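Participant: Residue 3 is where the sequence shown starts when you use this note's numbering, and the numbers rise one by one after that.
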Amino acid sequence: MRNSHFDVRPTSGAVGAEILGVDLAKPLTPSEADEIRGALFEHGVIFFRDQKLTPEQHIAFAGSIAPININRFFKAVEGHPEIAEVRKEPDQKRNIGGGWHTDHSYDQVPALGSVLLAREVPPRGGDTMFASMALAYEALSDGLKRTLEGMRAVHSSRHVFGATAQYARDTVGRIGNAELATQDAIHPVVIRHPGTQRKTLYVNPGFTTHFEGWTAQESKPLLDYLYAHAAQPQFQTRFQWREGSIAFWDNRATWHLAINDYQGERRLMHRITLDGVPLV
Ligand code: SIN
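1) When DSSP builds the beta bridges, which residues end up paired with ARG194?
2) Using the DSSP secondary-structure output, state which residues sit across from HIS161 in a beta bridge.
3) Taking the alpha carbon of GLU214 as the reference point, which residue from PRO92, HIS157, GLY208 and VAL88 has its own alpha carbon closest?
4) Looking at the structure shown, is ASP226 part of a helix, part of a strand, or coil, going by DSSP?
5) At what residues does the alpha helix (DSSP H) containing HIS7 begin and finish?
6) Is DSSP giving GLN168 helix, strand or coil here?
7) Please return the same chain residues whose Cβ sits closer than 6 Å to the Cβ of ASN262, not counting the five positions on each side in sequence.
8) Could you compute how far the alpha carbon of TYR229 sits from the alpha carbon of GLY40?
9) Using 7 Å as the cut-off, classify the Cβ of ALA133 as near or not near the heavy atoms of the ligand SIN, replying yes or no.
10) By the DSSP assignment, the beta strand (DSSP E) with ALA27 in it spans what residues?
11) Please check the pair GLN238 and MET131, which I expect to be a contact at CB under 8 Å, by giving their CB distance rounded to whole angstroms.
12) CB of HIS60 to nearest heavy atom of the ligand SIN: below 7 Å?
13) Cβ of GLU267 within 8 Å of Cβ of PRO69?
14) Just to confirm, is the Cβ distance from THR1 to ARG254 under 8 Å?
15) Go to ASP144, then tell me how far its alpha helix (DSSP H) extends in each direction, as first and last residue.
16) Taking Cβ to Cβ, would you say ALA86 is nearer than 8 Å to ASN73?
17) With which residues is ALA249 paired in a DSSP beta bridge?
18) Counting only the same chain and skipping the five closest in sequence on each side, list residues whose C-beta sits under 7 Å from that of PRO92.
19) Determine the closest residue to VAL162 out of ILE177, ARG148 and ALA138, with distance taken between C-alpha atoms.
20) If you count every other CB in all the chains shown that lies within 10 Å of the CB of GLY23, and 16 or more means buried, which is it?
21) Alpha carbon to alpha carbon, what distance is there between ALA170 and VAL205?
22) Confirm the yes/no value for this check: CB of GLY99, any heavy atom of the ligand SIN, distance under 7 Å.
23) According to DSSP, is ARG39 part of a helix, a strand, or is it coil?
What follows is the structure, encoded as structure tokens:
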């Protein structure tokens, strides 16, 4: 599809689109920034190829879409606190973001999304999966939709980034500041996406701990059902990285998962996260 400034090519029947004909090293005009924001909201995740960006240009692009959110837990790129490193060295076994999740759902005001730029990629593997939570919601039965309406869920950073968390232990040196893992937030289970007003399932296996007013044990069967439902391939797209590729995802509309199938190789990505708005 030709928009006024660039081409937008969907990458699956469900979610994701590649944006062609834009050089993100150059400052965006306000109408180009609006069009990129619009494509992000429509497709949930947008991809760019062959972008040769300095850290400053990466920051300028991300900041032209929304204010930058500085991550508490990720090691930052030297001299650039706005850029979090998503790194896996050849001798490290566990990757960052290797299970389905939505970044920052533990915050009272969860992040809008992230602009992830590939700096070094393995010769094969290391793809990232994205899943549409609007499609996942729409495919539920009317009865389950009615049950979820009005329910809220608790999200936390403690069991992921806290000192006793296995994930924090496995990624030590890349993820830190365990003492800052004190966030708990309650959000509706079904939100209205702030940009499109589309109803979207907003629970995720990474950070959601239980439904408000239910125990974790009571919540588990229904959460497990929703997770298995939402992780079906018809809601997904898969992105194969090259150096200079960018994935820009919307955390309110999608889950993502980084595939850990490149043992013995380095993968280095630079991630900038953007501020969102309260969810209703
Ligand atoms: C993340 O979960 O933020 C990282 C995704 C990736 O490395 O592909």
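Beta carbons are placed, not taken as given, at the ideal position from N, Cα and C, and that holds for glycine. From a predicted model like this one, the values you see are computed outputs, not experimental measurements.
Facilitator: In short, the structure shows the following:
1) LYS201
2) DSSP lists no partner for HIS161.
3) Of the candidates PRO92, HIS157, GLY208 and VAL88, the one whose C-alpha sits nearest the C-alpha of GLU214 is HIS157.
4) DSSP places ASP226 in the helix class (H, G or I) of the three-state scheme.
5) Where HIS7 is concerned, there is no enclosing alpha helix (DSSP H), because DSSP gives it neither an H nor an E.
6) helix
7) Here the set comprises ASN97 and GLY100.
8) Whole-angstrom Cα-Cα distance: 27 Å.
9) no
10) Where ALA27 is concerned, there is no enclosing beta strand (DSSP E), given that its DSSP letter is neither H nor E.
11) 6 Å
12) no
13) no
14) The structure shown has nothing for residue 1, since the chain only spans 3 to 282.
15) Looking at the DSSP string, the run of the alpha helix (DSSP H) that includes ASP144 is 144-150.
16) yes
17) PHE49 and LEU118
18) GLY266, GLU267 and ARG268
19) ILE177
20) Classified as exposed, GLY23 has fewer than 16 neighbouring CB atoms from the shown chains inside 10 Å of its CB.
21) For VAL205 and ALA170, the distance between alpha carbons rounds to 21 Å.
22) yes
23) helix
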